[in-house]
Amino acid sequence: MNADFTAEELQFEQEVREFLQNDFPAEYREKVDAGIRLSKEELVHWQKILYKKGWAAPNWPAEYGGTGWTATQKHIFATEMGLIGAPEPVPFGMKMVAPVIMAYGSDEQKQRFLPDILESNVWWCQGYSEPNAGSDLASLKTAAVRDGDEYVVNGSKTWNTYGQYADWIFCLVRTDNSVKKQEGISFLLIDMKTPGITLKPIVLLDGHAEVNEVFFDDVRVPANNLIGEENKGWTYAKVLLTHERTNISGVPRGKRRLAALKRLAKNTDDGFGGTMLDNASFRTKLAELEIELQALEYSELRTLAALSVGNAPGPESSILKIVGTELAQEMDEMFVDLAGYHCLPFVPEQFEDGFQGEAIGPGNSAAAALTYFNNRKLSIFGGSNEIQRNIISKAVLGL
Amino acid sequence: MDFSNTEEQQMLQESVQKFVYKSYDFDTRNKIIATEKGFSDENWELFAELGWLTVPFQEEDGGFGGSAVDLVVMMEEFGKAMLVEPFVATTVLAGGLISEQGSAQQKAELLPKIMEGKLQLACAYAEPGSRFNLANIKTSAVADGDNIVLNGSKTAVLNGSNAEVLLVVARESGAATDTTGVSVFMVDATSAGVSIQAFANVDGKKSAEITLKDVSVSATARLGEAGSALSALTAVVDRATLAVSAEAVGAMEAMLHKTVEYSKTRKQFGTAIGTFQALQHRMADMFIECQLARSIAIMAAMKLDGGEDATEKSKSVSAAKSRIGKAINKVGQEAIQIHGGIAMTEELDVGHLFKLVTAAEIMFGNTDYHTERFASL
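Set out below in structure tokens:
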């Protein structure tokens, strides 16, 4: 048993590190460190830099322009990206719809959609959740009725991330009401410019509208935008949801944030002449977090080792999702703890791109509570942690 | 032994409940927060008429009696409705400090105005580097003839942007964390050299960062004797700590109630999610947390009203704040999680209750701080 990288893997790690040091724009790095959101243009610009390097799609097979990397190489790449704070490509195109198109789309659809996803020319968003279909996704109601060469779509979707930026949306729609709920779902690609689509921003607890409700009112969609066969959409969606759970442990990001916590603690007065890094209970919590992060990292490496010898990713990924998200949320609490009074001001605009006013509080301490609020989503989305525990009970423990 | 409310406490509770039912629904609250002032003058006048503003004050000062149990009863109801009016800032903190530390003349001049709803105040004690240590005061107060000149920075000044008078805690002598040498000065908020950066906190209440640059006040603006204010400040902040703890207890009870009701109506997999045992047990745990939180708030209130010495009183307040802080994390996070995505939105009240209790956990010292204070007293 060993957890060492090979000489080639170490060399690859070095190459990735150097590339990110040189090519991830310093300006974006500063923004990420300060808790400021990157704009759409900045995210696309960064993705195009990755594309030029040939590293835009680590998870794609080489034949579609992917890297053709081994599981370990993908892990190394994700780790280095997380450590430096470089954003992963927006997942909706690259990680979600693309694998479905590759597996079930027609050749025409592959040629039409995949290159633009790879080059970040087209921004995709998701249309699967609905107000009454959350954890129970298969109960979705948005209907698509065939009318000649078109489908007519009516209904609404929610938790649509960055729909305000999107050119296209992939949707799960109901095409048959007469059968079991999983068997009447189809997978449809829809141009966001189609008449009848309206977007309503949803402001979250951090004051930011990163998600939307999307309404479909007699939206006419060409039938050749259907992926695969009608009523087989649930099978396709499961592929998509599996991909949603990869890289979800967030270990590299966790390491980066842990280092930031230590730095911050060292620079935060405890009010009694010392710093928070000397504070006994804070130190204990910090140590516990670091230990948990190590346990998570080695759980991820064990999953990875199984993958590299050809085993399919199993329900173990649920462990990574649960522990990774809970750990991230505990770190959020630590940032709130450190910030003390300084995280109370609710001034979300000062963390938006282009803010010109006078900032409130030292550093980005006023972002701590906002991040704490926003990251409560981590244990809710991507299959809530309750759903993940159901998966473990059923698929692993056989209960 | 009797833990039931007295007739007077029951009337007080019903009076708040009646007001909330008639005039303080969630939409109304949102509209109040959206105003520049961030609270309603009309409500404040009504609070005065209803006698609520007299609750924290002693009978000899013209108040309702200053019982901590009364305060807890009231604050719980305020918490359920998420009232943003500056009750704690003006009456409990600033009013309390005048009552504890002020001369007879200062009390006679200011307290009636507060109780009549005619004066807004704020207490500027915390500083950017002081964290939760009340003795850590770097703002300086230096004599200049008959005047005192103040210099320094203040943070987390509740109601700071609406106050006509700021009670500025400043150091006249000694080193930054000495327990002696600290005084309180009444400063007109419009004085030269006072700059106020206003904002709303995550719980919707107005707050401010305040800088004092060569602010000159008369020596008569000092509350009580020079350098003697720390024990009064400690007692008053203890009382305010209990007030926000009780506010959090009320907010947690509201969160529990809303979560249970939601779980009965939200259907997934063809059944109400409240029928899932995995969620039932967690809601049972939320209930346990709410009960323990309420119990320890009442304990602290009874001790504040009783004959214990100052240290014992402080210790009981820290016990309450520490235990309630633990409950806040559990109940708040579970309320969001069990609701799911919908609770992440600004549109639903449960997320705002979550933000309120998060702020309450921090105000006047967070859970860790009060656990350590409990151990050290």
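If you're matching them up, the sequences are chains A and B in order. Sequential numbering from 1 applies to the first sequence in the numbering used here. Sequential numbering from 400 applies to the second sequence in the numbering used here. We put the beta carbon where it would ideally sit given N, CA and C, even for glycine.
> Residues in the region 108-122 of chain A with C-beta within 9 Å of chain B's C-beta atoms, listed in sequence order?
Replying inline: none
>> Relative to the C-alpha of residue 30 of chain A, which candidate in A:363, A:75, A:161 has its C-alpha closest?
In response: A:363
> Which residues, taken in chain order from the region 348-362 of chain A, show a beta carbon closer than 9 Å to some beta carbon of chain B?
Replying inline: Correct list: 358, 360, 361, 362.
> Between the region 642-655 of chain B and chain A, which residues of the former have a C-beta closer than 7 Å to a C-beta of the latter?
Replying inline: Answer set for the region 642-655 of chain B: empty.
> What did DSSP end up calling residue 256 of chain A once you bin it into helix, strand or coil?
Replying inline: helix
> Would the beta-carbon of residue 726 of chain B fall within 8 Å of that of residue 691 of chain B?
Replying inline: yes
> Going by beta carbon distance, what residues of the same chain come within less than 7 Å of residue 412 of chain B, once the five residues before and after it are set aside?
Replying inline: 404, 472, 476
>> If you follow the beta strand (DSSP E) that residue 161 of chain A is in, where does it begin and where does it stop?
In response: 150-161
>> Does the contact criterion of 3 or more C-beta pairs under 8 Å hold for the region 477-485 of chain B versus the region 426-435 of chain B?
In response: yes
> Since residue 136 of chain A meets chain B, which of its residues come closer than 7 Å, beta carbon to beta carbon?
Replying inline: 667, 668
>> Quick check: residue 698 of chain B and residue 655 of chain B, are their CB atoms within less than 8 Å of each other?
In response: Annotated as distal: residue 698 of chain B and residue 655 of chain B, with beta-carbon spacing of 8 Å or more.
> What residues are listed by DSSP as bridge partners for residue 551 of chain B?
Replying inline: B:611
> Going along the region 329-342 of chain A in order, which residues come within less than 9 Å of chain B, judged by CB to CB distance?
Replying inline: 329, 333, 336, 337, 339, 340, 341, 342
>> For residue 138 of chain A and residue 46 of chain A, which I take to be in contact (beta-carbon distance under 8 Å), what is that distance rounded to the nearest angstrom?
In response: At roughly 35 Å, the Cβ-Cβ gap does not stay under 8 Å, so residue 138 of chain A and residue 46 of chain A are not in contact.
> beta strand (DSSP E) containing residue 186 of chain A: first to last residue?
Replying inline: 185-191
> Quick one: which chain A residues come within Cβ less than 7 Å of residue 532 of chain B?
Replying inline: Listed along chain A are 271, 272, each with a C-beta nearer than 7 Å to that of residue 532 of chain B.
> How would you call residue 179 of chain A, buried or exposed, if buried means at least 16 neighbouring beta carbons within 10 angstroms?
Replying inline: exposed
> Run through DSSP, which three-state label would residue 456 of chain B get?
Replying inline: coil
> Quick one: what's got a C-beta closer than 8 Å to residue 251 of chain A's C-beta in the same chain, skipping five residues either side?
Replying inline: Cβ neighbours of residue 251 of chain A beyond the five flanking positions: 79, 82, 293, 296, 297, 300, 324.
> residue 677 of chain B versus chain A: which residues are under 7 Å apart at the beta carbon?
Replying inline: 386
> Are the region 216-227 of chain A and the region 129-149 of chain A touching by the rule of at least three beta carbon pairs closer than 8 Å?
Replying inline: yes
>> Quick check: the Cα distance between residue 336 of chain A and residue 348 of chain A, rounded to an integer number of angstroms?
In response: Cα to Cα, the separation comes out at about 15 Å.
> Is residue 710 of chain B buried or exposed, if buried means 16 or more other CB atoms sit within 10 Å of its CB?
Replying inline: exposed
>> Using the Cβ count rule (16 or more neighbours within 10 Å means buried), how would you classify residue 341 of chain A?
In response: buried
> residue 187 of chain A: which of A:205, A:331, A:221 sits nearest, CA to CA?
Replying inline: A:221
>> Using beta carbons (cut-off 8 Å, strictly below), is residue 380 of chain A in contact with chain B?
In response: yes
> chain A partners of residue 598 of chain B, CB-CB under 8 Å?
Replying inline: By Cβ distance, chain A contributes 345, 346, 347, 360.
> At a Cβ threshold of 8 Å, is residue 281 of chain A touching chain B?
Replying inline: yes
> Counting Cβ pairs closer than 8 Å, one from the region 629-637 of chain B and one from the region 584-604 of chain B, do we hit at least three?
Replying inline: Short answer: they don't touch.
> What are the boundary residues of the beta strand (DSSP E) that residue 689 of chain B is part of?
Replying inline: Looking at the DSSP string, residue 689 of chain B is not in any beta strand (DSSP E); the run it does join, the alpha helix (DSSP H), is 676-704.
> If you drop the 5 nearest sequence neighbours on each side, which residues of the same chain put their C-beta closer than 6 Å to that of residue 529 of chain B?
Replying inline: For residue 529 of chain B, same chain residues with a beta-carbon under 6 Å away, outside a window of 5 residues either side, are 535 in chain order.
> In chain A, what lies closer than 9 Å to residue 555 of chain B by C-beta?
Replying inline: 340, 341, 342, 344, 345
> Grouping DSSP H, G and I as helix and E and B as strand, with all else coil, what is residue 597 of chain B?
Replying inline: strand
> chain A partners of residue 529 of chain B, CB-CB under 8 Å?
Replying inline: 269, 271
>> Quick check on the burial criterion: 16 or more other C-beta atoms within 10 angstroms. Buried or exposed for residue 236 of chain A?
In response: buried
> Any idea which residues DSSP pairs residue 147 of chain A with across the strands?
Replying inline: A:150
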